[in-house]
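Student:
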Amino acid sequence: MAIVKMSRFNLTIFESDKDNLLRNLQAFGDVDFANLNVTPSFILQAEEAARQSGSEELDPVLEAEKEQWELFNSEGVTSDYQGESIVELNEQIRKIKWCIETLEEVEQPVKGLSGFNNALPEITYERCEQQASELDLAEVYTQVRNIKQDIQGYKEENELARVENRDMLHFQKMDIPFDAVRPTATTEVILGSYPKRWRIPFENGLAELAYTYYEVLSVDDKNVNVFLIYDRSEAEAVAEILRAHAFTQEVISYAGTAAEKIAENKAGIKANEQALEEKNKILESLAEQYLVDFKIMYEFLRNTLVRQQARDNFLRTERTVLIEGYVPSEVEETLAKVVAQSCRSAYVLSIEEVARDDKRV
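In terms of the working numbering, the sequence shown is residues 1422 to 1782.
Structural data, given as C-alpha cells:
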C-alpha cells in the first residue's frame, strides 16, 4: 500500500469567518482535524526529563516557553512561533536597511550582460530563514557603522583644514611665526580685517598717527586683512578708528607661520584622503560579501514583521479561532486557496510536513 505524505497545518482566523470556512473545508474533504488541547511535545519531553532527573523545575528557558504557550492557548492561538517582538524586528529592519543603503553607495557597477539580470535570486522561505540565521547582523552592522564614523571623521577634519587654510592665505605674506608677534611693555600688535569699502578712510585715519605701523597683508572681494603695531600712547585713537570702520580682530593660536600651517594642513588632508580610500575599499569588500545576503534578510525580516503583526493583532482580540489538522502534502496549495477564498478578514496559516513516524497522523 502506498504511503501518503501528510502535512500538519495551523490556522488562526476571526470568528466571523469560521462557519463559512468550516463548510468549505468539509466540502474540500481531505482535511482531518486534530485535538487542539494538547500540550506541545517539546514541553512534554522537557517535563518527562525533569521528572527522571528528580527535579520538579524546568529549565528557565523552557519554563518561559511553557508560560508563553499557555498564554497563547488561553487566547486561542498556538505557540509554534517564538520570534522576536515587533520592536526588535523594527530595530533589525532599520539597521539592515541602513547597511544596504550604505553598501549600495560603494557597490561596484556590474558590467556586461550580467548587469541586466541583477535581481535577487529566487529562494525558498526556509532557505531565506536559514541564511538570515547564519548572518551575524550585529557584527557586520557594527563594522559598517564604525567605518562610516571613521569616514565622516576624516571628511570633517579635511573640511576644517580647508577652511583654516583659506583663512591662513590672508596672512601668508607674514614670514614670521605668529607666536613671535607679541605685545611689549610699550606696544600693541593686532591682526584682523575690515570691509573693503572703508579702506581709504581707514588708511587716512592711521596715517595721522605718528607711532602706528600699518601693513596690508591681503585683499579679497569683501575685506582688507591687515597687520598693526602701535604705541600704547595712541591706543585710544587706534581703538576709535577700528571701531568706526567695523574692524574684526583675528586671534590665531598656531605658533608657526601661515605658510607652515597651510603645508601642515595639506599633509593632513592628503593622509586623510588615503585613509578614506582604504575605508571605502573595505566597504566595497563588505558590499560584495554581504549586500545580497542583506537584501535577502531585509525581505525575510519584513515578511516576518508582517506575520508577527498579524499574530499580535490576533492576540489582542478574543474573537479568534484556532483550527489544527492534517492534509495530504500534495494538496497543500489547494488548502491554502480554500482558506484564502473563505476568509474575508486576515488570517494566519502555517503548514509543515509531518514525519512518517509521527504518531499523531
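We treat Cβ as the ideally placed atom computed from N, Cα and C, and that holds for glycine. Keep in mind the model is a prediction, meaning the values are calculated, not measured.
(1) Taking T1669 and Y1651 to be in contact with their CB atoms under 8 angstroms, please state how far apart those CB atoms are, rounded to whole angstroms.
(2) Skipping 5 residues on each side, what residues in its chain have a beta carbon closer than 7 angstroms to that of D1451?
(3) Counting only the same chain and skipping the five closest in sequence on each side, list residues whose C-beta sits under 6 angstroms from that of L1756.
(4) Should E1636 and F1648 be called a contact, given that it needs their Cβ atoms to be closer than 7 angstroms?
(5) Per DSSP, which residues does D1652 bridge with? Please list them.
(6) Who does V1640 pair with in a DSSP beta bridge?
(7) For the putative contact between Y1768 and L1446, defined by C-beta atoms under 8 angstroms, what is the C-beta separation to the nearest angstrom?
(8) Find out if the Cβ-Cβ distance for the pair V1742, K1439 is shorter than 7 angstroms.
(9) Spatial neighbours of T1608 within its chain, please: C-beta separation below 8 angstroms, excluding the five flanking residues on both sides.
(10) Using a Cβ-Cβ cut-off of 7 angstroms (strictly less than) and excluding sequence neighbours within five positions of S1763, which residues of its own chain qualify?
(11) Check Y1675 in the structure and name its three-state DSSP category.
(12) To which residues does DSSP link Q1670 through a beta bridge?
(13) Identify the continuous beta strand (DSSP E) that holds E1745 and give its terminal residues.
(14) Across which residues does DSSP place M1427 in a beta bridge pair?
(15) Taking the straight line between their C-alpha atoms, what separation do you get for T1523 and T1725?
(16) Measuring alpha carbon to alpha carbon, tell me which residue in R1566, I1673 and I1621 is nearest I1611.
Tutor: So, from the data block:
(1) Within the sequence shown, the letter at position 248 stands for residue 1669. Within the sequence shown, the letter at position 230 stands for residue 1651. With 8 angstroms as the limit, T1669 and Y1651 do not qualify as a contact, their Cβ atoms being about 17 angstroms apart.
(2) Stepping through the sequence shown from its first residue, residue 1451 is reached at position 30. Excluding residues within five positions, the ones whose Cβ falls inside 7 angstroms are V1748, P1749 and V1752.
(3) Translated into positions along the sequence shown, residue 1756 becomes position 335. Excluding positions up to five away in sequence, the list reads V1748.
(4) Mapped onto the sequence shown, residue 1636 falls at position 215. Mapped onto the sequence shown, residue 1648 falls at position 227. Yes, these two residues count as a Cβ contact at 7 angstroms.
(5) On the sequence shown, position 231 is the one that residue 1652 refers to. Bridge partners of D1652: T1608.
(6) Within the sequence shown, residue 1640 is the residue found at index 219, counting from 1. V1645, per the DSSP bridge assignment.
(7) Taking the sequence shown and counting its residues from 1, the one referred to as residue 1768 is at position 347. Taking the sequence shown and counting its residues from 1, the one referred to as residue 1446 is at position 25. With a Cβ gap of about 13 angstroms, Y1768 and L1446 do not count as contacting.
(8) Numbered from 1 along the sequence shown, position 321 holds the residue referred to as residue 1742. Numbered from 1 along the sequence shown, position 18 holds the residue referred to as residue 1439. Going by C-beta atoms, V1742 is nearer than 7 angstroms to K1439.
(9) The residue given as residue 1608 occupies position 187 in the sequence shown. Taken in chain order, the residues that qualify are I1650, Y1651, D1652 and R1653.
(10) By one-based count along the sequence shown, residue 1763 stands at place 342. Only D1438, N1441, L1442 and N1445 meet the Cβ criterion.
(11) For the purposes of this step, residue 1675 is taken as the residue at position 254 of the sequence shown. Three-state DSSP puts Y1675 in coil, outside helix and strand.
(12) For the purposes of this step, residue 1670 is taken as residue 249 along the sequence shown, with counting starting at 1. In DSSP, Q1670 forms a bridge with G1613.
(13) One-based indexing of the sequence shown puts residue 1745 at position 324. First-last of the beta strand (DSSP E) with E1745: T1741 to P1749.
(14) To locate residue 1427, count along the sequence shown from 1; it is residue 6. P1749.
(15) By one-based count along the sequence shown, residue 1523 stands at place 102. By one-based count along the sequence shown, residue 1725 stands at place 304. Approximately 23 angstroms between the Cα atoms of the pair.
(16) As a first step, residue 1611 must be located in the sequence shown, where it is residue number 190. That would be I1673, whose Cα lies nearest to the Cα of I1611.
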